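Colleague:
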Amino acid sequence: MRRYVTQLYPVRRQSLQIVQPLGCPGIFPVKPSPTCPPCPCTPGLIRTETYQYTAISDGVKNMYTNSDAVMPFSTSGILDPNEVSVVNLFINGMLQPPNLYVVQSGVLILSDIPVQGVPLILQFIKMIVS
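Heads up: the sequence shown runs through residues 4 to 133, numbered per our numbering.
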């Protein structure tokens with residue numbers, strides 16, 4: 004024997020107003036709010052430059068220098084981390100946490116020895132306020 008639901012349940016619908024972000028006229032063309040003037044601390048455009056150091060693990064050492072770079076895949080040597088904004092290390096394509104390596108000008112020191120043949124990619128990002 005089948006039983007059917009015969010009671011109606013009210014469905015509440017809430018109307019949401021979409022608030023578009025200010026300052027993105029290319030994506031959300033809206034007029035700026037008269038109650039919120041532009042921030043005087045906005046630095047303007049931030050230009051970035053990226054550099055890449057690539058080496059291949061030999062499975063023996065945990066310290067790499069500029070002389071270990073694979074030049075067809077590198078755009079720079081190992082830069083001084085104090086002269087760039089961001090340093091990322093990728094081992095076999097996986098981003099590594101900063102506590103597993105040390106970067107100094109011309110030297111990369113790893114906390115462990117990677118498997119032989121694994122690519123080591125140091126990415127340097129320099130942010131420049133124009």
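No residue lacks a Cβ here, since even glycine has one placed at the ideal position from N, Cα and C. Fair warning: this is a prediction, and the values are worked out from it, not measured in the lab.
With the cut-off set at 8 Å, would you say L123 and S60 are in Cβ contact?
Modeller: Taking the sequence shown and counting its residues from 1, one reaches residue 123 at position 120. Taking the sequence shown and counting its residues from 1, one reaches residue 60 at position 57. Going by C-beta atoms, L123 is nearer than 8 Å to S60.
Colleague: Is P75 helix, strand or coil by DSSP?
Modeller: If you number the sequence shown from 1, residue 75 lands on position 72. Looking at P75 - three-state DSSP - the assignment turns out to be helix.
Colleague: State the Cα-Cα distance for the pair D71 and K129, rounded to the nearest angstrom.
Modeller: Indexing the sequence shown from 1 puts residue 71 at position 68. Indexing the sequence shown from 1 puts residue 129 at position 126. For D71 and K129, the distance between alpha carbons rounds to 23 Å.
Colleague: Roughly how many whole angstroms lie between the Cα atoms of V63 and G80?
Modeller: Indexing the sequence shown from 1 puts residue 63 at position 60. Indexing the sequence shown from 1 puts residue 80 at position 77. Cα atoms of V63 and G80: separation of roughly 21 Å, rounded to the nearest angstrom.
Colleague: Quick one: using the 10 Å Cβ neighbour count with 16 as the cut-off for buried, is V106 buried or exposed?
Modeller: Position 103 of the sequence shown holds residue 106. Looking at its Cβ environment, which holds 16 or more other Cβ atoms inside 10 Å, V106 is buried.
Colleague: Which parts of the segment 73-117 are runs of the beta strand (DSSP E), unbroken and 3 residues or longer, counting only runs that do not cross its ends?
Modeller: If we require 3 residues or more, the beta strand (DSSP E) runs fully inside the segment 73-117 come out as 89-94, 104-107, 110-113.
Colleague: Going by the CB atoms, is the gap between T53 and F127 shorter than 8 Å?
Modeller: Here residue 127 refers to the residue found at position 124 of the sequence shown. Here residue 53 refers to the residue found at position 50 of the sequence shown. Less than 8 Å divides the Cβ of F127 from the Cβ of T53.
Colleague: To the nearest angstrom, report how far apart T51 and V132 are at their CA atoms.
Modeller: Here residue 51 refers to the residue found at position 48 of the sequence shown. Here residue 132 refers to the residue found at position 129 of the sequence shown. For T51 and V132, the distance between alpha carbons rounds to 9 Å.
Colleague: Once you ignore the five residues that flank V73 on each side, which residues in its own chain have a CB closer than 7 Å to its CB?
Modeller: The count along the sequence shown starts at 1 and reaches residue 73 at position 70. For V73, where only same-chain residues beyond five positions count, the Cβ hits under 7 Å are T57, A58, I59.
Colleague: Short of 7 Å in beta carbon distance, which residues of its chain neighbour V89, apart from the five on each side in sequence? Order them along the chain.
Modeller: Taking the first residue of the sequence shown as position 1, residue 89 is located at position 86. These residues qualify, in order along the chain: I128.
Colleague: Compute the distance between the beta-carbons of I112 and M66, then report whether it is under 8 Å.
Modeller: Against the sequence shown, residue 112 aligns to sequence position 109. Against the sequence shown, residue 66 aligns to sequence position 63. Taking 8 Å as the Cβ cut-off, I112 and M66 qualify as a contacting pair.
Colleague: Following the continuous beta strand (DSSP E) through L2, name the residue where it begins and the one where it ends.
Modeller: Given that the chain is displayed from residue 4 to residue 133, the structure contains no residue 2 and the question cannot be resolved.
Colleague: How close, in whole Å, do the beta carbons of S77 and Q99 come, if the pair is a contact with beta carbons under 8 Å?
Modeller: Numbered from 1 along the sequence shown, position 74 holds the residue referred to as residue 77. Numbered from 1 along the sequence shown, position 96 holds the residue referred to as residue 99. That pair is no contact at about 18 Å.
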